[in-house]
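Take the sequence shown: its letters are residues 42 to 507, numbered as in our numbering.
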Amino acid sequence: MKYVSTRGEAPVLAFDDVLLAGLAEDGGLYVPQDWPQFSTDELSSMAGMSYAQIAYRVIRPFVGGTIADSDLEKMVEETYAGFGHVAVAPLKQIGSNDWLMELFQGPTLAFKDFALQLVGRMFAHVLAARGERVTIVGATSGDTGSAAIEACRDRENIDIFILFPEGRVSPVQQRQMTTVDSANVHAIAVTGTFDDCQDLVKEMFNDTQFRKAQNLSAVNSINWARVMAQIVYYVVAAVRLGAPSRPVSFAVPTGNFGNVFAGWAAWKCGLPIDRLVVGTNSNDILFRFFETGEMKMAGVEPTLSPSMDIQVSSNFERLLFDMLDGDGAAVRDWIAAFRISGAVSVDDARLAGAREKISASRLDDDGTRRVIREIYETTGELLDPHSAIGVDAARQCRGNKEVPMVTLATAHPAKFPDAVKAATGIHPQLPERMSDLFDRNEKFDTLPNDIAAVQDFVRRAVEGHS
Ligand SMILES: *Cc1c(COP(=O)(O)O)cnc(C)c1O
């Protein structure tokens, strides 16, 4: 199994190199050269297996022997044993043929744990085999930071530094980052905005000398390994609901397009998926694209579903590569045109091709509160705002009613208590294992929005325990 860049000019790499590289050298994203195929027999045999057993079988061909089978199997077992529900990703029925798949049973209560918990282990494993260490730096406006920290904590060959804007992340999100008592974890409150944090991270990467000296790395959402790990729950949901003998549809609350692209990948591998529905909030660039074929940038406004407040979707480039028949030069031209003018289109035939599988919908904050209330009244389930957008997308783009529709619930309601309370009058409780979150001691440093100060901090912290 080899991987190529969507822009066609980076070296073709094996899985372990793709894992550590993240972004391709030509600025593109790595995708498999060919999609492995899951046969009908293989899918049938998975029906009664555990989440981890299915995960091992789905992931194995993508890893392509770069991690020994026995190590991979053990890593996958360990990863999902750490989740807070024995089913790992439980399915709940919310309508006659409508289902919710709860992807929030991981350590930070959002779906990013599914990929990052495994990717953290894979990083540590590959680094140990090579005798290397890395410094991971990242900026967060909330969810990604805590999931990355939980993935990397206590791993010997990794130091992780997460920058967040002081006073601008929710109390739950902040405490999920700052109450982790591990020597290799460094949560940093920056006196500035999320954009300032992102700029500081970019500056660190652009400083070649610093980048090399610290062996900087990132675990952001364009890393192929994250998409790969997310393919698993599409397979799990489908085989639980009757695949391969009947197809299944999915509705996905979408921001950077990583999650829904994993569904596309599952379909490419032979999983019988009828429809993939992209749910957006009022930052609706993807909805407009699937309506018109034009990708057109607009401003970003804050909503109740902050993890979907995006201006552009970084993982969309992977779908574009497929829509343009794997032509890296065409992807480069398209991206360049988009950078220059902030708007670019695909032709009608290509749009129609994508729309055979993908639909999209949009929901504003009022609608989001309405759906949270309605689902609570009709089923007793509390939805977080992101998941509510998914449920609405499932309804808007239902298609064939005989096909089971699975909405991916991407966050636990207690991560967004204010929105849930406003909609239902109920304050959602954190799960038992986290109920003391607000009693734990916080540990973080506050730094000015100043690149020299941040770099100095990173250098000293890494030297301090290596
Ligand atoms: C990250 C995130 C999303 C968006 O997922 P993408 O893969 O970026 O499309 C949706 N909901 C929640 C809760 C998230 O944390």
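Virtual Cβ for every residue (Gly too), placed ideally from N, Cα, C.
| Query | Result |
| --- | --- |
| Which listed residue (42, 201, 284, 75) has its alpha carbon closest to that of residue 503 | 201 |
| Distance cut-off 8 Å: residue 298 Cβ against heavy atoms of ligand 1 | yes |
| One or two residues paired with residue 388 in a DSSP bridge | Paired residue(s): none; residue 388 is not in a bridge. |
| Residue 294 burial status per 10 Å Cβ neighbour count (16 or more: buried) | buried |
| Contact test: residue 295 Cβ vs ligand 1 heavy atom, cutoff 8 Å | yes |
| Residue 253, buried or exposed, once every other Cβ within 10 Å from all chains shown has been counted against 16 | exposed |
| heavy atom of ligand 3 below 8 Å from residue 465 C-beta | This structure lacks ligand 3; its bound ligands are ligand 1. |
| Local Cβ density within 10 Å of residue 184, reported as buried at 16 or more and exposed below that | buried |
| Proximity test, residue 155 beta-carbon vs ligand 1 heavy atom, cut-off 8 Å | no |
| Supposed close pair residue 99, residue 74 - CB separation, criterion 8 Å | Actually they do not touch by this definition, with Cβ atoms about 18 Å apart. |
| Among 258, 289, 429, 249, nearest to residue 443 - alpha-carbon criterion | 289 |
| CB contact flag (residue 280, residue 400, <9 Å) | no |
| In chain order, each beta strand (DSSP E) run of at least 3 residues that lies wholly inside the segment 388-425 | 399-403 |
| Cut-off 7 Å between Cβ atoms - residues of its own chain near residue 284, not counting five sequence neighbours on either side | 84, 312, 313 |
| Minimum C-alpha distance to residue 361 - residue among 277, 218, 406, 388 | 388 |
| Closer than 8 Å: residue 225 CB and nearest ligand 1 heavy atom | no |
| Beta-carbon spacing of residue 165, residue 197 below 9 Å | yes |
| Heavy atom of ligand 1 within 8 Å of residue 353 beta-carbon | no |
| Inter-residue spacing [alpha-carbon to alpha-carbon] between residue 268 and residue 274 | 11 Å |
| Spatially closest choice to residue 154 from 260, 471, 54, by CA coordinates | 260 |
| Status (buried if at least 16 other CB within 10 Å, exposed otherwise) for residue 110 | exposed |
| C-beta contact flag for residue 456 and residue 151 at 9 Å | yes |
| Within the segment 242-266, ranges of the alpha helix (DSSP H) (whole runs, at least 4 residues) | 249-255 |
| Sufficient close CB pairs (3 or more, under 8 Å) joining the segment 421-439 to the segment 474-488 | no |
| Cβ-Cβ distance between residue 384 and residue 336 below 9 Å | yes |
| Under 9 Å between C-beta atoms of residue 326 and residue 352 | yes |
| When 379, 402, 461 are compared against residue 418, the one with the closest alpha-carbon | 461 |
| Ligand 1 heavy atom lying under 8 Å from the CB of residue 349 | yes |
| Residue 262 Cβ short of 8 Å to ligand 1 heavy atom set | yes |
| Contact belief for residue 163 with residue 102 at Cβ below 8 Å, rounded distance in angstroms | At roughly 15 Å, the Cβ-Cβ gap does not stay under 8 Å, so residue 163 and residue 102 are not in contact. |
| Cα-Cα separation, residue 182 to residue 210 | 6 Å |
| N- and C-terminal bounds of the alpha helix (DSSP H) containing residue 153 | 153-171 |
| Proximity winner among 291, 224, 112, relative to residue 438 (alpha-carbon distances) | 291 |
| In chain order, each alpha helix (DSSP H) run of at least 4 residues that lies wholly inside the segment 429-481 | 458-465 |
| Near ligand 1: residue 185 beta-carbon under 8 Å from a heavy atom | yes |
| Residues of its chain near residue 251, where Cβ-Cβ distance is below 7 Å and the 5 sequence neighbours each way are ignored | 245, 496 |
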